[in-house]
Amino acid sequence: MTWPPCISCTGSGAARKSWPQLVGKPGAVAKATIERDLPGVTAVIIPMGNIRDLNYCCNRVWVNVKNDPQQTVATVPRVG
Numbered sequence: 001m002t003w004p005p006c007i008s009c010t011g012s013g014a015a016r017k018s019w020p021q022l023v024g025k026p027g028a029v030a031k032a033t034i035e036r037d038l039p040g041v042t043a044v045i046i047p048m049g050n051i052r053d054l055n056y057c058c059n060r061v062w063v064n065v066k067n068d069p070q071q072t073v074a075t076v077p078r079v080g
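Here the sequence shown stands for residues 1 to 80, where the numbers follow full-length UniProt numbering.
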């Protein structure tokens, strides 16, 4: 699996950094919501337990999903 190129963080900014309201929603809905709320960010859907890149990127949001047909969001999606 490939990730978007990482953009380092500059400043704290006022942009949204987490989406707790998306827990329990389908992964595709979460991805679309995040990318609409924060243009320039790529939401990456990843099944719980899968290995992922651990570096912190301001232009990426991990969307951890359950292994079910709708890929239900399992944890709060956060920038990183």
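The beta-carbon is built from N, C-alpha and C at its ideal position, and this holds for glycine as well.
- Considering only Ile7, Val61, Pro5 and Gly24, the residue with the shortest C-alpha distance to Asn67 is Gly24.
- Classified as exposed, Gln70 has fewer than 16 neighbouring CB atoms from the shown chains inside 10 Å of its CB.
- Annotation note: the segment 9 to 75 contains the following uninterrupted beta strand (DSSP E) runs of length 3 or greater, listed N- to C-terminal: 42 to 47 and 60 to 65.
- With a 10 Å radius around the Cβ and a threshold of 16 neighbouring Cβ atoms, Val76 comes out exposed.
- If you draw a straight line from the Cα of Cys58 to the Cα of Gly27, it comes to about 20 Å.
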